[in-house]
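So the number in this note's numbering is just where the residue sits in the sequence shown, counting from 1, plus 26.
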Amino acid sequence: MLKKFILRAAGASLAVFVSLATQPLGAQTASESERIEKLERAVEALQKRNAELEAEVSGLKKRTAFAPELTAEGKVKTKVTYDGKTYVEKAVVEEKPPVYVQQRGPELKLVLGGFIQMNFEDGDVSAFEGRFGETALKDRFRLRRARINLTGDFAEQFDFKVEGDFENSDGLNSNRTAFEATDIFINWHQFPWAQIKMGQWKAPFGLEQITPDTTLYTIERTLPTGAITPERQIGVQLWGKPLAIIWPDRADLLTYYAGIFNGNGRNTTNNDNNNFMYVGRLESTLFKDVFGKGSYLKLGADVLNSRDDKGTNISQSLTLLVNDDGSLSPFVLPGADERTAWSVDAWLRMGPFDLIGEFLQEHVHPRSVNGPPGFDAFTTDGFYVTGGYYLLPKKLQAVVQWQYLNPGQKGDDGLYSILAGLNYYIHGDNLKLMVNYIHTWSDFRQANPEFGQDQFDEVIGRMQLMF
């Protein structure tokens, strides 16, 4: 159709020009000048018509760009072009339409993302986690995390997240191998002061634990955080900012979280018993931008209670059980228990300086279920203090950290570590390089030298890419 339209229009314009040019000049005008003027007007009219035709052709091409005229084979199409003098018709290879993805539901926003973290670990690998002696690890390259996630918002005031991890097995838990689900939840956020969250995510306990992996100042979380915090759980949570409506400018002055979870870890369909884990957290940002833009002081406090059955792993993230040689391994309950934990934390930021600290404590008491208790009660506690300073604004950051864990199961079984590190932000947290040196010593090994060395050193390097 487009080709026939162009040829008819061009033919009509040519016929008009030829008719004017071939008429007897003597019969039309009285002088040469009149004949020339008439020819010039005809040429101008023809040029104007040709310009209109070109505009129409261009419009038709745009309207048919996604519905080209194809041959019966569907592999080539006919294309008409104009070089200023003539119209040319030729066959060209069909251009495939662009590929796109469209969401199935009525989401207002749908975002695909993820990140990759690659580690190099040398020396006494993971000794700061108690992995030495019979649980020691060797030098290694480690695909620490490789996650892909999908987040979205619905018009009905719901948001959601689905995330999976392709990380290498951590060797701590037989349920955590190769690909696994991390965060999978739905959150109803119509009322900022009373949001409801359901699914699997990190229980709101411990500042360092709920800080995203991609924004931590150190490569790995501390041993107290890994040993005491409950990590990801399946359950439901009520949370919000009560001042969001009555005092919008100070909405962060108070944030609360109250959750009920199965209490036996992530990616587990069955609860270990008919009891649940109860977790609560309060946060308060006392000031913002008072001592310069971006400055703040945040305070937090947490509480946890859970009744667990025999066989439940109560150290989901890292290690807690003290072995005979002073090393640590996952604590799988030899009998039923009731545990209560609490923590307090603070984060001060002033210009290029950050100071972060947290103290955590957990009481684990045995319960008698169909027989005598399976272990003795113990209390675990620990703390860390982290300082960060930008040597080059938003580019090069120096980090130091002091951490301590007292497992409370054997005499003098504490572990101490000091850390020094550098973070180079190539493109913020989206692309950064990190290096940490960690020195660790064991009170138990020092008091019992027959088990071997009591001091350990490790160097960890990381590259992180977010997309």
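Glycine included, each C-beta is placed from N, C-alpha and C at the ideal position.
Segment contact: the segment 331-338 against the segment 240-253, fewer than three CB-CB distances shorter than 8 Å; contact not assigned.
Secondary-structure assignment with DSSP links residue 347 through a beta bridge to 355. Counting the other CB atoms within 10 Å of its CB gives residue 431 a total of 16 or more, which places it among the buried residues. Just measuring C-alpha positions, the residue of 460, 184, 439, 225 sitting nearest residue 215 is 184. For the segment 435-490, the continuous beta strand (DSSP E) assignments of 3+ residues that do not extend past its boundaries occur at 441-451, 457-468, in sequence order. If you keep only unbroken alpha helix (DSSP H) runs of at least 4 residues inside the segment 245-326, you get 249-254. Residue state for residue 335 is assigned as coil, using DSSP reduced to three classes. According to DSSP, residue pairing for residue 213 in a beta bridge involves 185, 223. Around the beta carbon of residue 348, 16 or more other beta carbons lie within 10 angstroms, which makes this residue buried. Residue 190 is a Cβ neighbour of residue 205, given a cutoff of 9 Å. Selection 154, 344, 269, 266 evaluated against residue 254 yields 344 as nearest (Cα-Cα).
Across the set 324, 280, 264, 376, the C-alpha of 376 shows the shortest separation from the C-alpha of residue 416. Below 8 Å, too few C-beta pairs join the segment 264-276 and the segment 416-427 to call them touching: fewer than three. With a cut-off of 8 Å on Cβ pairs, the segment 467-474 is not in contact with the segment 445-455, counting fewer than three such pairs.
A residue is called buried once 16 or more other Cβ atoms fall within 10 Å of its Cβ, and residue 231 is buried on that count. By the neighbour-count criterion, in which a residue is buried when 16 or more other Cβ atoms sit within 10 angstroms of its Cβ, residue 443 is buried.
Between residue 281 and the set 157, 307, 414, 166, the nearest pair of CA atoms involves 307. In this structure, the straight-line span from the alpha carbon of residue 278 to that of residue 373 is close to 14 Å.
Within its own chain, the residues whose Cβ lies closer than 7 Å to the Cβ of residue 227, once the five positions on either side in sequence are excluded, are 209, 211, 258, listed in chain order. Three or more Cβ pairs closer than 8 Å define a contact, and the segment 134-144 meets that threshold against the segment 166-182.
Cβ-Cβ distances below 8 Å link residue 218 to 266, 267, 270, 271, 277 in the same chain, with the five nearest sequence neighbours on each side left out; the list follows chain order. In the structure shown, residue 340 adopts coil according to DSSP, grouped into three states.
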